[in-house]
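Asks: Numbering (this note's numbering), first residue to last: 8 to 182.
Mind looking over this structure? Questions follow.
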């Protein structure tokens with residue numbers, strides 16, 4: 008009688024080879040998925056940061072001065088002279104473009120930056136971007152926030168454990 012089945016040795020060898028092939032394919036796809044996720048998050052952070060900075064730049068250029076700078080613990084003095092290029096953390100900043108009640112206001116809450124126009128103390132409602140962990144302001148010369156003709160804005164973005172930093176220097180035209 009002819010034996011047409013596999014022997015135990017043939018079965019073990021074929022299972023070993025097939026598990027090796029499946030393991031290689033699986034590891035290839037999982038590493039590519041992680042890379043895809045990393046690149047997607049990095050691209051999203053890059054887009055959000057530059058969109059926010061470009062929007063803020065357009066508004067700040069039309070402003071005459073900074074009217075409010077506030078962090079989580081208190082309000083910065085607008086008349087105290089600040090050291091050039093020292094980064095001050097802020098979660099709310101206002102730029103005056105007209106009289107006292109005409110301000111562009113940017114406010115970070117729950118990693119979302121919001122925008123509004125009105126009184127410098129208002130809480131804006133228009134969502135401008137996501138993933139904003141921190142924002143820093145610095146002046147380019149030793150001067151007060153109120154007298155600054157130019158500011159450097161730095162955004163720190165975070166998504167999925169990835170951190171992205173972007174900055175923009177803006178000169179106020181109506182100063």
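Ideal Cβ placement from N, Cα and C applies to all residues, glycine included.
1) Using a Cβ-Cβ cutoff of less than 6 angstroms, which residues in the same chain neighbour residue 175 once the five nearest sequence positions on both sides are dropped?
2) Under DSSP, the beta strand (DSSP E) around residue 107 begins and ends at which residues?
3) I need the DSSP call for residue 150, collapsed to helix, strand or coil.
4) Look at the Cβ atom of residue 178, then the Cβ atom of residue 157, and state whether they are nearer than 7 angstroms.
5) Near residue 138, what residues of its chain come up, given a Cβ to Cβ distance below 7 angstroms and the 5 sequence neighbours on each side ignored?
6) Residue 94 by DSSP, collapsed to three states: which one?
7) Per DSSP, what kind of secondary structure is residue 155 in: helix, strand or coil?
8) Tell me, to the nearest whole angstrom, how far the beta carbon of residue 108 is from that of residue 136; I am working on the premise that it is less than 8 angstroms.
9) Counting only the same chain and skipping the five closest in sequence on each side, list residues whose C-beta sits under 7 angstroms from that of residue 78.
10) Any idea if residue 42 is buried or exposed, counting beta-carbon neighbours within 10 angstroms, 16 or more meaning buried?
11) Shortest alpha-carbon distance to residue 141 belongs to which of 48, 114, 93, 16?
12) Taking the alpha carbon of residue 112 as the point to measure from, which residue in 106, 104, 122, 37 has its own alpha carbon closest?
13) Might you give, ordered along the chain, the residues of its own chain that have their beta carbon closer than 7 angstroms to the beta carbon of residue 71, omitting 5 neighbours on each side?
Replies: Straight from the coordinates:
1) 60, 64, 160
2) No beta strand (DSSP E) contains residue 107, which DSSP labels as neither H nor E.
3) Residue 150 sits in a strand when the DSSP states are folded into three classes.
4) yes
5) 52, 55, 118, 164, 165, 166
6) coil
7) Residue 155: coil per DSSP, three-state reduction.
8) The pair is not a contact, with the Cβ atoms about 25 angstroms apart (cut-off 8 angstroms).
9) 96, 97, 98
10) Residue 42 comes out exposed.
11) 114
12) That would be 122, whose Cα lies nearest to the Cα of residue 112.
13) 103, 104, 179, 181, 182
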